[in-house]
Amino acid sequence: MLQDFLTPQKQNFCDHTELRAQINKNRRVTMLAGNMVANTQSEKGGVSARVYRGGTYGFASGAEYTPESVKSVLAAATENAVFMDTNIKKGEPPLPSLKGAPEKVELKSPIAEDVKQSALIDYARALDELIVKKYKKLTGRTIVADLLYKEKLLAVSDGTDSHFFQPRAMVYAFLTMETSDGVPVELFKSFSHVGRFDEAFKDPHALEEELDNLYKALCDKSEGVFANAGVRKCVMHPDLAGMLAHEAVGHTTEADLVLGGSVAGSALNKQVASELVSMTDFAHTAFGETCPLPIYVDDEGTIAEDAPLIKDGVLVGYMHNRETARHFGVKPQGNARAFEFSDEPLIRMRNTVIHPGKNKLDDLIASVDDGYYLVKTSNGQADSTGEFMFGIDLGYEIKNGKLGKAIRETTISGVAFEMLKTVDMVSDDMSWEIGGFCGKKQAMTTSMGGPALRCDINIGGR
Amino acid sequence: MKNLAEYALAQLKKAGADKASCRATKGRKDEFNIEANQFTLLRTVFTDDLQLKALVGGRKGVAIINKLDRDSIDDAVESCVALAKSAEPDEAEDIAPLIENMDFDTCSGEADMTGLFNRSKEYLQQIQDELPKIIIEGFSSSYSSGETAYVNSNGVCFTSKNDYYNFNSMFVGKDGEKSSSFNHGGAYLKDVSQPFINAGMHRQLLEEAQKSIHTRLVEGKFTGKIIVTPACNDVIWDTLMHNFLGDRSMVEGTSRWKDSLGQAVADKKLTLRAAPHNPLIVADPRFTADGFLAEDVDFISKGVLKSFALSLYGANKTGKPHSPTSNYNIEVATGETPLAEMLKGVEKGILLNRFSGGSPGASGDISGVAKNSFLIENGTVTDALQETMISFNIIDTLKNINSISKESVSDGVTILPWCCLDGVTIS
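First to last, the protein sequences are chains W and E.
Going by the numbering used here, the first sequence wraps up at 546, each residue one higher than the last.
Going by the numbering used here, the second sequence wraps up at 444, each residue one higher than the last.
Pasting the structure below:
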C-alpha cells in the first residue's frame with residue numbers, strides 16, 4: 085500500500101497543484117490454441133505533479149517514490165509551469181476554488197494485489213479444456229485471463245485529497261470456426277468483475293451457459309450472409325447501446341473536444357435525439373446501484389457527480405475538467421482522470437449510459453418487417469462531426485418480425501444527432517460493459533451501458 | 018544500462034532460470050501540448066523500464082517493472098522465476114542464439130528544446146495564418162532520448178542509444194456550425210530543422226480537412242476503385258501484418274495464408290517489407306524484442322509470399338521460418354504509375370485518407386467509413402464525402418491491385434505509396 089509522502093509537500097505548493105502517487109499492477113495469462121503464450125506480471129508506478137500557472141500547466145513524473153523524489157518531481161513540474169507561463173503569457177487567473185469540498189476521501193475496496201498468478205493460470209487452462217471438450221467445430225481459440233489493479237493517492241492544493249483502489253478482473257474468450265468454404269469467422273465475449281480475480285472466476289462451468297450461446301451464435305455466423313448495404317431499420321441489442329452512448333455521443337460532449345470543434349458545441353439545449361432518449365455519465369451510482377466503475381473523486385480533486393448529457397432528447401450538458409468548467413461557467417463534476425502515474429488528467433467518461441425505456445426487446449424485434457438485429461460489437465469510433473461507426477461481429481436479419489439468418493462481420497455508421505432522432509422504441513432492460521479501454525492520448529478504463537433501441541442506421545455489406 | 022541488465026540476468030540464473038533474458042531502458046521525454054489552438058502543458062516524463070524473461074524447464078515467466086534499483090530488480094527476479102515455475106512447459110519457448118553482439122549510438126546530440134518549442138509555436142501560427150478554418154483538437158511535440166540494453170543467457174548483448182523528435186496533431190476544419198471529420202498526422206524526426214507542417218503529407222491533410230467541412234452524400238451503391246493514401250496505413254498494411262503474417266494468426270492456425278509460403282498471394286505489383294535500415298526510418302529498433310539484430314525482410318515480393326512475420330516463438334511453434342525484424346517499420350515498394358496518372362485512371366471511386374471501421378477478422382472482410390476522403394469522378398478529385406461506407410475482402414482485393422504510385426511518403430516509421438484497389442463496394 086502506498087505510503088503518504090505527498091501531504092508533507094503541501095507546504096511547498098505555490099500555485100494550483102496536484103500531486104499523485106500511483107501503482108498499476110497487471111497480471112495476464114493468454115492461452116492461444118492451448119499454448120500458454122503469455123504469463124506476465126507488470127507493475128508500473130511512481131509519482132507525478134501538475135502545477136497550474138497563468139493558464140497553462142507544468143507536469144513532471146518519475147518512477148521513484150520517496151519523500152525526496154516527490155519534492156524533485158514537484159520542483160520539475162513547477163519549473164515547467166514557469167517556463168510555459170513566461171513564454172506563453174496567457175495571463176489567466178487561478179482556477180476557481182472548490183469551496184466546501186471535503187478535505188479527504190478514502191475508499192476501501194477489495195484488495196486484489198495478493199491474487200496468485202496460479203489463480204489466472206489454473207482458470208485459463210480449465211476454461212480452455214472446457215472449450216476444447218465441448219465445442220467440437222472450433223478451428224481456433226484464445227483465452228485471456230487478466231487482472232488490472234490500480235491504487236491512487238492524491239493531494240491537491242484546492243479540492244479533495246483521496247486514496248482509492250480499483251481492481252478489475254477480466255476473462256476474454258475468442259472462438260474461431262470456418263464457413264463451409266473454409267473462410268474463418270470469429271466471435272469473442274468478455275466477462276468482467278470489479279474486484280478480485282479469484283472471487284469472480286473460480287469455476288469455468290459458471291460461464292458455460294454464456295459460452296454455449298456464444299458457440300451457437302458462431303455456428304449461426306459460419307452460415308451467415310453478407311448484409312445488404314444501405315440505411316436499414318435495425319434493433320440494437322443492449323450491448324450496443326453502451327457503445328452508442330460512449331462513442332456516438334460521449335466523445336462529442338467532452339468539453340475539450342467541444343472546444344476543439346465538435347458538433348456538440350452548437351447543439352447545447354437543442355433537440356438532438358428523440359424524446360425517448362436520455363443519457364447520463366454517472367459518477368458512481370446509477371438507478372440505485374453502484375456503477376461498474378465508481379469514481380468518487382477525480383484526479384484534479386473534484387468530488388464526482390453525475391453529468392447529465394441528454395434529457396428527453398435535449399442536449400443539456402458536457403463533461404468537464406476544472407479549466408473547461410470555468411470556460412463554460414459551470415461546476416466541474418469529476419471527469420478529469422489519468423490512467424498511469426505518468427499521465428496528466430484528461431476529460432474522460434466514467435459510466436456512460438442511455439437510460440432504459442418502456443418497451444420489451446421482443447416487441448422491438450417483432451415490429452421490424454425487413455431489417456437487422458445487431459447483437460455484438462467489436463469496436464467503435466466517434467468523430468467531431470457526430471459521425472460514428474461500430475464494427476458488428478454478430479447480427480441477424482429480421483424478416484416479418486422474426487429473426488432470420490446471421491450476418492457476416494460488418495460495420496454500421498451514422499450521424500449521432502440524426503440517428504438518435506430515429507429512435508422510436510427503447511427496451512426496459514439494460515446491460516453494462518466494462519471490458520475495454522477508451523483511447524484518447526492515454527488508455528482509460530470506462531464503463532458504458534444502455535437498453536435495446538430501434539432505429540434507422542447505415543450498414544455496410546455487399 | 019548494460020551493467021544493470023547483466024546484474025538482473027545473473028540474478029535470474031541464480032534464482033533457477035535455465036535460460037533468461039533482460040531488457041533495461043532508461044529514458045526521458047519532454048513534450049509540449051496544444052488543445053483548441055492554445056498551448057496547455059509542458060510535460061517531462063522519466064521512463065525507466067525493465068523486462069525480465071525466465072525459462073525453467075521450458076516454462077516461461079515474464080515480469081515487467083518501471084524501476085531500476087537493485088531491490089526492485091531482486092523482487093522482480095523472484096516474481097519472474099516463480100511465474101515460470103507456475104506455467105506450462107512449451108518446447109517452442111527459447112531465447113535468441115549468440116550471433117554477433119553490437120552497440121548502437123544514433124543520438125544526434127543534446128536536445129534542442131528551444132527549437133522544438135519554436136517549431137511548435139510556428140506550427141500553430143502557420144495554421145492560424147494559412148489555414149484559418151482549422152482547429153487543432155490536440156497536438157503534442159516531444160523530444161525523447163534513451164538508452165537500452167538487451168542481454169540473454171546465450172551471451173547475446175545489444176546496447177543502443179537513440180533520440181528523436183516527434184509531433185502528432187489531431188485537427189478538424191470548422192466553419193460556423195459545420196465541422197469536418199477529425200483527422201490526424203505526425204512524424205518522427207531526427208531534428209527540428211524543418212517546419213512540422215512540411216513533414217510528409219501533413220500540409221495536404223490539413224488543407225483537405227479545410228476542404229471537407231462541406232461534404233457530399235454519394236447516392237446509391239456501386240462497385241469502384243479506391244486509392245489508399247499513405248496517411249491511411251492501417252486498413253491494408255496493418256491488417257496484413259496482424260491477421261495473416263504475425264504470430265497470433267499463424268499459431269492459432271487462422272491465417273488464410275498459413276500454407277501459402279512461396280505462392281502468389283497478391284498482384285505482382287505488390288512488394289511489402291520490413292525496412293528498419295532504410296535511412297528514412299527514424300524510430301528504428303536496432304534489435305528485436307526477442308533478441309535478434311533487426312534485419313530488412315521481404316514479406317511479399319512481387320506478389321509472392323516470401324516470409325511470415327514470426328517471432329522466434331512463432332517460428333518454433335509453427336515450423337515456419339523465423340523473421341528477425343521489427344514488424345512496425347513497413348515499406349511498400351513504389352510502383353510505376355505517377356499519382357496524377359493513377360487519379361486519371363479512376364472513373365468513379367474514392368481517395369481514401371482515413372478509414373474508420375470494424376476490426377477486420379480472420380476472413381479478411383473489411384467494412385467501414387471512408388473518412389476525410391474525396392470522391393474521384395472521371396479522373397478528377399471532386400467533393401469531400403459524407404458518411405460513405407466501403408466494403409471489400411482484403412485477400413481478394415490484393416489480387417486486384419490496379420496500380421501503385423511512383424511517389425511515396427515516410428513518417429519516420431513507415432514508407433508508403435498510394436495504392437489503387439479495384440472491386441470495392443461503395444455505399
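For every residue, glycine included, the Cβ atom is placed at its ideal position computed from N, Cα and C.
Is it buried or exposed, residue i, if we count other Cβ atoms within 10 angstroms and call 16 or more buried?
{"i": "Val-363 of chain E", "result": "buried"}
{"i": "Phe-213 of chain E", "result": "buried"}
{"i": "Lys-286 of chain W", "result": "exposed"}
{"i": "Ala-290 of chain W", "result": "exposed"}
{"i": "Ser-210 of chain E", "result": "exposed"}
{"i": "Leu-287 of chain E", "result": "buried"}
{"i": "Glu-148 of chain W", "result": "buried"}
{"i": "Gln-106 of chain W", "result": "buried"}
{"i": "Val-240 of chain W", "result": "buried"}
{"i": "Gly-172 of chain E", "result": "exposed"}
{"i": "His-247 of chain W", "result": "buried"}
{"i": "Ser-350 of chain W", "result": "exposed"}
{"i": "Ile-116 of chain E", "result": "exposed"}
{"i": "Ala-283 of chain E", "result": "buried"}
{"i": "Ser-264 of chain W", "result": "exposed"}
{"i": "Asn-215 of chain E", "result": "exposed"}
{"i": "Gln-87 of chain W", "result": "exposed"}
In the DSSP assignment, what are the bridge partners of residue i?
{"i": "Thr-364 of chain W", "result": "W:Pro-392 and W:Val-437"}
{"i": "Cys-522 of chain W", "result": "W:Met-528"}
{"i": "Lys-486 of chain W", "result": "W:Lys-483"}
{"i": "Cys-437 of chain E", "result": "E:Ile-244 and E:Ser-420"}
{"i": "Leu-259 of chain W", "result": "W:Arg-225 and W:Leu-271"}
{"i": "Thr-17 of chain E", "result": "Here chain E has residues from 18 to 444 only, and residue 17 of chain E is not among them."}
{"i": "Ser-553 of chain W", "result": "Shown here, chain W extends from 85 to 546; a query on residue 553 of chain W therefore has no answer."}
{"i": "Glu-48 of chain E", "result": "E:Arg-60 and E:Ser-159"}
{"i": "His-277 of chain W", "result": "W:Ala-253"}
{"i": "Asp-66 of chain E", "result": "E:Thr-42"}
{"i": "Lys-178 of chain E", "result": "E:Asp-122 and E:Glu-164"}
{"i": "Arg-421 of chain W", "result": "W:Leu-430"}
{"i": "Met-120 of chain W", "result": "W:Met-115"}
{"i": "Cys-318 of chain W", "result": "W:Tyr-456 and W:Cys-539"}
{"i": "Leu-310 of chain E", "result": "E:Phe-304"}
Are the Cβ atoms of residue i and residue j separated by less than 8 Å?
{"i": "Cys-436 of chain E", "j": "Val-314 of chain E", "result": "no"}
{"i": "Asn-108 of chain W", "j": "Val-79 of chain E", "result": "no"}
{"i": "Arg-538 of chain W", "j": "Val-499 of chain W", "result": "no"}
{"i": "Thr-386 of chain W", "j": "Gly-479 of chain W", "result": "no"}
{"i": "Glu-492 of chain W", "j": "Phe-371 of chain W", "result": "Per the sequence shown, residue 492 of chain W should be read as Arg rather than Glu. It is not a contact, given that the beta carbons lie outside the stated cut-off."}
{"i": "Leu-211 of chain W", "j": "Phe-281 of chain W", "result": "no"}
{"i": "Arg-104 of chain W", "j": "Phe-425 of chain W", "result": "yes"}
{"i": "Thr-77 of chain W", "j": "Phe-258 of chain W", "result": "As shown, chain W starts at 85 and ends at 546. That puts residue 77 of chain W outside it, with no answer to give."}
{"i": "Thr-374 of chain W", "j": "Met-532 of chain W", "result": "no"}
{"i": "Phe-309 of chain E", "j": "Ala-25 of chain E", "result": "no"}
{"i": "Val-347 of chain W", "j": "Phe-474 of chain W", "result": "no"}
{"i": "His-100 of chain W", "j": "Leu-179 of chain W", "result": "yes"}
{"i": "Ser-422 of chain E", "j": "Pro-355 of chain E", "result": "yes"}
{"i": "Leu-85 of chain E", "j": "Leu-69 of chain E", "result": "no"}
Could you check how far apart the C-beta atoms of residue i and residue j are, in whole angstroms? I think they sit under 8 Å.
{"i": "Gly-138 of chain W", "j": "Asp-169 of chain W", "result": "4 Å"}
{"i": "Asn-417 of chain E", "j": "Gly-440 of chain E", "result": "5 Å"}
{"i": "Asn-200 of chain E", "j": "Leu-222 of chain E", "result": "5 Å"}
{"i": "Gly-142 of chain W", "j": "Val-166 of chain W", "result": "7 Å"}
{"i": "Asn-344 of chain E", "j": "Ala-300 of chain E", "result": "Going by Cβ atoms, the distance from Asn-344 of chain E to Ala-300 of chain E rounds to 13 Å, so no, they are not a contact pair."}
{"i": "Val-269 of chain W", "j": "Leu-302 of chain W", "result": "7 Å"}
{"i": "Asn-183 of chain E", "j": "Gly-203 of chain E", "result": "7 Å"}
{"i": "Ser-126 of chain W", "j": "Gly-519 of chain W", "result": "Wrong, their Cβ atoms sit about 19 Å apart, outside the cutoff."}
{"i": "Ala-554 of chain W", "j": "Met-320 of chain W", "result": "Summary: the structure shown does not reach residue 554 of chain W, with chain W confined to residues 85 through 546, and so no result is reported for it."}
- Inter-stretch contact (C-beta, 8 Å, three-pair minimum) for the segment 375-382 of chain W and the segment 418-425 of chain W: yes
- Message: Check whether the segment 34-51 of chain E and the segment 155-173 of chain E are in contact - that is, three or more C-beta pairs closer than 8 Å.
- Response: yes
- Task: Pair every Cβ in the segment 358-370 of chain W with every Cβ in the segment 382-398 of chain W, then say whether three or more of these pairs are closer than 8 Å.
- Result: yes
- Any 3 or more C-beta pairs closer than 8 Å across the segment 127-135 of chain E and the segment 98-110 of chain E: no
- Sufficient close CB pairs (3 or more, under 8 Å) joining the segment 396-416 of chain E to the segment 223-237 of chain E: yes
- Any 3 or more C-beta pairs closer than 8 Å across the segment 317-335 of chain E and the segment 273-280 of chain E: yes
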